[in-house]
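One structure is given here, and the rest of the page talks about it.
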Amino acid sequence: MVALLVGSATCFSPTVALAMQQQRQPYDMPAQDLDDALRSAATIADIELYASSRDLEGKTAPPLKGELTSREAIELLLKSSGLTARFEGGSVVISKLTLAENSPATEAEPIVVTGSRITGAPTATPVIRVTSEDIRLGGQNDLGEVARSLPQNFGGGQNPGIGNGQGAPNENANVNGASTFNLRGIGSNATLTLLNGNRFAYTGASSVIDVSAIPVAAVERIEIVADGASAIYGADAVAGVVNILLKRDYEGLSAMARVGGSTDGGNFQQQYGLLGGKTWASGGLLAAYDYSRSSPIRAGDRGYASAANPETMLFPPISRHSLLVSGHQALGSNVTFAADLLYKKGWLRSVTGYAADGPPDQLGIDGVSTSEIFGIAPSIAIDIGGEWRFKASGFFGTDRSGGYTDLFVGGERLVHVDKDFFNRNLALEAGFQGPLLTLPGGDVQIAFGAGARRNSFFAGSPTGDVDRRRDNLFAYGELLIPITQPSQDIAGLHRLSLTGALRFEDYSDAPSIVTPKLGIVWEPISILRLGASWGRSFKMPTLYQQYSGYSAILGRASRYGSGYPANANVVFAAGPDSRIGPERSENMTLSAQLTPARGLELTAAWYRIDYADRVATPIPSLLGALDNPFYADLITLNPSAALLSDIIAGSLLGLENSSGRPYDPATTVAFIDNRDRNIARQIYQGFDLGGRYRIQLGHGETLTLTAAGSFLKSRQQILAGQAWTKLAGTLFHPPRFRARGGVSYGSDRVSVAAFVNHMSGLVDDRQAIAVRIPAFTTLDFTAGVRLGTGTEISIAALNLFNAKPTAIATAAPSETPYDTTNYSPAGRFLGLTVRQEW
Numbered sequence: 151m152v153a154l155l156v157g158s159a160t161c162f163s164p165t166v167a168l169a170m171q172q173q174r175q176p177y178d179m180p181a182q183d184l185d186d187a188l189r190s191a192a193t194i195a196d197i198e199l200y201a202s203s204r205d206l207e208g209k210t211a212p213p214l215k216g217e218l219t220s221r222e223a224i225e226l227l228l229k230s231s232g233l234t235a236r237f238e239g240g241s242v243v244i245s246k247l248t249l250a251e252n253s254p255a256t257e258a259e260p261i262v263v264t265g266s267r268i269t270g271a272p273t274a275t276p277v278i279r280v281t282s283e284d285i286r287l288g289g290q291n292d293l294g295e296v297a298r299s300l301p302q303n304f305g306g307g308q309n310p311g312i313g314n315g316q317g318a319p320n321e322n323a324n325v326n327g328a329s330t331f332n333l334r335g336i337g338s339n340a341t342l343t344l345l346n347g348n349r350f351a352y353t354g355a356s357s358v359i360d361v362s363a364i365p366v367a368a369v370e371r372i373e374i375v376a377d378g379a380s381a382i383y384g385a386d387a388v389a390g391v392v393n394i395l396l397k398r399d400y401e402g403l404s405a406m407a408r409v410g411g412s413t414d415g416g417n418f419q420q421q422y423g424l425l426g427g428k429t430w431a432s433g434g435l436l437a438a439y440d441y442s443r444s445s446p447i448r449a450g451d452r453g454y455a456s457a458a459n460p461e462t463m464l465f466p467p468i469s470r471h472s473l474l475v476s477g478h479q480a481l482g483s484n485v486t487f488a489a490d491l492l493y494k495k496g497w498l499r500s501v502t503g504y505a506a507d508g509p510p511d512q513l514g515i516d517g518v519s520t521s522e523i524f525g526i527a528p529s530i531a532i533d534i535g536g537e538w539r540f541k542a543s544g545f546f547g548t549d550r551s552g553g554y555t556d557l558f559v560g561g562e563r564l565v566h567v568d569k570d571f572f573n574r575n576l577a578l579e580a581g582f583q584g585p586l587l588t589l590p591g592g593d594v595q596i597a598f599g600a601g602a603r604r605n606s607f608f609a610g611s612p613t614g615d616v617d618r619r620r621d622n623l624f625a626y627g628e629l630l631i632p633i634t635q636p637s638q639d640i641a642g643l644h645r646l647s648l649t650g651a652l653r654f655e656d657y658s659d660a661p662s663i664v665t666p667k668l669g670i671v672w673e674p675i676s677i678l679r680l681g682a683s684w685g686r687s688f689k690m691p692t693l694y695q696q697y698s699g700y701s702a703i704l705g706r707a708s709r710y711g712s713g714y715p716a717n718a719n720v721v722f723a724a725g726p727d728s729r730i731g732p733e734r735s736e737n738m739t740l741s742a743q744l745t746p747a748r749g750l751e752l753t754a755a756w757y758r759i760d761y762a763d764r765v766a767t768p769i770p771s772l773l774g775a776l777d778n779p780f781y782a783d784l785i786t787l788n789p790s791a792a793l794l795s796d797i798i799a800g801s802l803l804g805l806e807n808s809s810g811r812p813y814d815p816a817t818t819v820a821f822i823d824n825r826d827r828n829i830a831r832q833i834y835q836g837f838d839l840g841g842r843y844r845i846q847l848g849h850g851e852t853l854t855l856t857a858a859g860s861f862l863k864s865r866q867q868i869l870a871g872q873a874w875t876k877l878a879g880t881l882f883h884p885p886r887f888r889a890r891g892g893v894s895y896g897s898d899r900v901s902v903a904a905f906v907n908h909m910s911g912l913v914d915d916r917q918a919i920a921v922r923i924p925a926f927t928t929l930d931f932t933a934g935v936r937l938g939t940g941t942e943i944s945i946a947a948l949n950l951f952n953a954k955p956t957a958i959a960t961a962a963p964s965e966t967p968y969d970t971t972n973y974s975p976a977g978r979f980l981g982l983t984v985r986q987e988w
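Throughout, my numbering is defined as the position within the sequence shown, counted from one, plus 150.
What follows is the structure, given as structure tokens:
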């Protein structure tokens with residue numbers, strides 16, 4: 151839930167506040183959504199409004215006209231809504247009516263903000279919010295499309311359509327059609343994704359969550375804190391946290407059907423969904439089902455992909471069934487039980503031709519991937535008195551990704567490889583939150599708790615199975631210290647607060663880790679909020695990355711160095727290493743939020759992430775490695791027979807001989823240890839800018855202007871002392887600048903929206919002479935009309951002017967001839983959606 155802070159941030163003394171409540175002011179407001187009506191009324195009355203957006207979801211307010219006090223206006227808006235208002239000083243708190251009709255009003259539900267465990271705590275980093283209305287106006291049909299549209303997100307990582315030869319395979323590998331968030335391009339498994347504040351099951355071989363499994367119709371909003379958050383949420387929150395929040399009190403039934411396709415051919419999409427909800431005095435239940443399928447996009451359909459085999463699939467055919475159930479029930483006046491259940495079953499097929507012509511079943515690969523996801527997250531919350539609250543939650547989930555890959559040579563199936571990845575996640579957590587003491591600036595709040603998690607992973611492979619488990623125990627504490635508040639009327643210190651968090655994690659296969667986070671929020675005046683945060687975060691290596699095993703290979707020494715006898719050999723080891731440990735980061739963010747006028751919000755943030763101990767392969771190319779002094783620490787000259795025996799015995803397949811002659815420890819002059827390890831360092835820094843201006847035009851009409859941009863500069867150093875290399879702005883990495891801006895108009899019957907997406911150019915630096923790839927700009931347009939009662943028809947034209955990716959050089963027809971991590975092959979897409987609500 152989120153605090154809706156409306157109008158001026160000025161608090162009054164009780165006497166002045168009562169006078170304001172009794173003062174009559176003119177109101178002329180049409181029938182509209184209840185949340186918009188309450189915002190407007192609170193702005194006119196110049197008071198603060200606190201409400202749960204889940205309580206307001208789906209509710210409408212009647213027209214409001216006349217000379218009214220603020221109390222009269224708000225109570226009229228809440229008539230027949232099942233909600234009540236409590237006026238306190240210069241604020242009003244909206245909450246549900248109690249179970250007993252004549253009992254006094256209950257306390258408002260706690261206000262939860264992503265990025266803190268303390269309800270109502272101000273965040274030092276701006277929270278990026280994407281509402282269900284933003285998703286609808288954007289013409290986006292799943293959360294993967296939402297993620298890829300955000301300027302702060304990078305499309306590389308575990309996303310469908312990532313082509314062959316597109317950067318590091320371990321970073322851009324999609325085994326089951328999953329879609330993931332990847333803030334700053336740091337890596338999909340360095341962005342923590344939550345559903346209603348809970349972790350869900352990992353998917354495939356990476357520690358990521360498939361957001362395409364969540365039916366978009368059930369989503370109320372997405373909250374993103376693009377700042378390190380391991381002190382709050384634990385591992386994987388290096389780049390930030392994404393919290394997907396579901397609709398809480400949806401009442402009614404809706405059905406939708408959507409069809410569309412790319413005008414250049416392929417990508418014919420069908421989507422059908424049902425959403426139903428029921429609320430009652432003490433709880434509510436929501437259920438959503440979504441089915442979608444799409445046809446492939448082939449290289450022969452796109453001119454810029456002429457270097458590839460025409461039958462190669464640039465984007466795979468995908469089918470998906472998703473089911474989500476979410477409910478909550480009050481068990482008496484102080485106890486609430488809630489649970490979320492998610493299930494997805496998906497399928498995709500990928501075909502790649504290895505020759506420029508000829509069918510892939512003559513020379514190529516044909517693969518099928520399947521996935522099945524299940525997860526359930528129950529929780530219980532208890533108000534234990536004195537404004538203290540206890541919450542316990544759990545999660546159990548599984549994800550199985552399977553399928554096969556066939557390799558064809560000369561029209562015959564040469565190799566058939568089955569794949570099987572299985573993840574099981576179990577978590578239990580409990581914590582308390584409440585006030586410690588009262589200061590002139592308000593109550594000092596604390597949240598603390600502990601829990602345990604278990605991740606189990608199995609991978610079937612022709613070279614050997616991986617069957618591993620990771621357990622961890624954790625404890626956390628967070629403190630909010632308010633220094634000043636508006637009622638104190640201190641010049642330049644309208645509001646000032648400090649936050650601090652500390653988390654301890656103990657892992658079964660790594661040393662214990664302590665991560666701190668500090669923040670300050672300062673409002674010199676009511677319309678300006680400044681924030682600063684500093685913290686440390688970490689990410690554990692994936693179980694596949696750590697335990698899938700390395701290879702030991704024998705080669706001729708002349709390939710790796712000079713001056714060695716003709717019969718000299720070397721042994722080198724390459725691949726995952728069980729000795730790797732956590733990756734660690736230091737994060738800093740400075741931010742500003744300005745609300746100079748009603749409906750207008752401007753944000754800016756500067757960030758820096760120093761990401762150390764990244765797992766990397768120390769020697770990118772072994773050619774000449776024996777002669778390079780940078781690699782001296784990785785090379786053992788004249789290794790003992792015992793050392794070589796241990797290396798060979800620990801490898802997946804024993805010694806693999808590429809020398810063409812027998813192995814003899816006496817002629818082995820060196821051992822090169824090129825196994826992955828915690829050595830790389832990356833630095834990410836830049837600016838995020840955003841703005842939203844919502845204008846009430848009257849008669850239920852609104853005009854909304856939005857803009858967001860992200861500037862990114864990132865670089866990497868593999869080994870200390872080596873030169874830094876650029877990441878952002880180069881091929882297969884995020885661009886230096888991304889932006890999305892738009893305008894939307896909405897009324898009771900019509901909605902129209904247009905969005906411009908811009909990405910700066912890239913540099914293809916894979917060869918001696920770098921090639922510049924030009925900037926890329928697209929225009930999206932959507933429009934909808936409501937007919938009769940509950941019927942809505944909408945159209946979407948995405949990439950209206952059919953901008954196309956730039957072709958890049960490839961070494962073989964099997965490599966995808968454009969940057970699939972930054973560009974989509976969809977081109978112009980036209981879609982039609984029909985929705986009926988009852």
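Just so it is clear, CB atoms sit at the ideal spot from N, CA and C, and this is done for glycine as well.
- In the DSSP assignment, G402 forms a beta bridge with G427.
- By the criterion of at least three beta-carbon pairs nearer than 8 Å, the region 716 to 726 is not in contact with the region 397 to 409.
- When the beta-carbon positions are compared, P726 and D763 stay at least 8 Å from each other.
- Within its own chain, the residues whose Cβ lies closer than 6 Å to the Cβ of L704, once the five positions on either side in sequence are excluded, are N719, V721, L805, N807, S809, Y813, listed in chain order.
- The continuous stretches of alpha helix (DSSP H) do not include D549, which lies in the beta strand (DSSP E) extending over residues 538 to 559.
- Residue range 733 to 747 is occupied by the beta strand (DSSP E) that includes A742.
- Taking C-beta atoms as the reference points, D399 and T429 count as a pair closer than 8 Å.
- With a cutoff of 8 Å on beta-carbon distance, G402 and L435 are scored as not near each other.
- With contacts defined by Cβ atoms closer than 8 Å, Q308 and A328 form a contacting pair.
- S801 is positioned such that its CB atom lies closer than 8 Å to that of A702.
- Distance from the CA of V388 to the CA of V664, rounded to the nearest whole angstrom, comes to 14 Å.
- Using a C-beta cut-off of 8 Å, the region 629 to 637 makes no contact with the region 599 to 610, since fewer than three inter-stretch Cβ pairs fall below that distance.
- DSSP, read as helix, strand or coil, puts R298 in helix.
- The beta carbon of L227 sits closer than 8 Å to those of L184, A187, L188, A191, A211, P212, L214, all from its chain and outside the five residues before and after it, given in chain order.
- In the three-state scheme derived from DSSP, where H, G and I count as helix and E and B as strand, A376 is classed as coil.
- A residue is called buried once 16 or more other Cβ atoms fall within 10 Å of its Cβ, and T613, having fewer, is exposed.
- The three-state reading of DSSP puts P674 in strand, counting E and B together.
- According to DSSP, I285 shares a beta bridge with no other residue.
- Excluding sequence positions up to five before and after H566, its CB lies within less than 7 Å of the CB of Y554, D556, all in the same chain and listed in chain order.
- When DSSP states are grouped into helix, strand and coil, F331 belongs to the coil group.
- Distance from the CA of A651 to the CA of L344, rounded to the nearest whole angstrom, comes to 19 Å.
- Assigned with DSSP and collapsed to three states, G384 falls in coil, not helix or strand.
- Each of T927, A918, D360, S529 was checked against the Cα of V296, and the nearest Cα belongs to D360.
- Cβ atoms of G517 and R499 come within 8 Å of each other, at about 7 Å.
- Residues L586, L629 of the same chain have their beta carbon placed closer than 6 Å to that of I596, with the five preceding and five following residues left out of the count.
- Under the 8 Å Cβ criterion, the region 911 to 921 counts as touching the region 958 to 969, having at least three qualifying pairs.
- Around the beta carbon of A181, fewer than 16 other beta carbons lie within 10 angstroms, which makes this residue exposed.
- In the displayed model, S658 falls within coil according to three-state DSSP, outside both helix and strand.
- When Y973, R936, T413, N573 are compared, the shortest CA-CA separation from R550 is found for N573.
- Beta bridge pairing from DSSP links L587 with V594.
- With at least 16 other beta carbons inside 10 angstroms of its own, W497 counts as buried.
- Inter-residue distance for A918 and A489 is about 56 Å (C-alpha atoms, whole angstroms).
- Here V358 is not near S380, since their CB atoms are 8 Å or more apart.
- A direct Cα-Cα distance of roughly 13 Å separates N778 from G713.
- The distance from the Cβ of R334 to that of F304 is about 7 Å, consistent with a contact at the 8 Å cut-off.
- A Cβ-Cβ contact shorter than 8 Å links G552 with T520.
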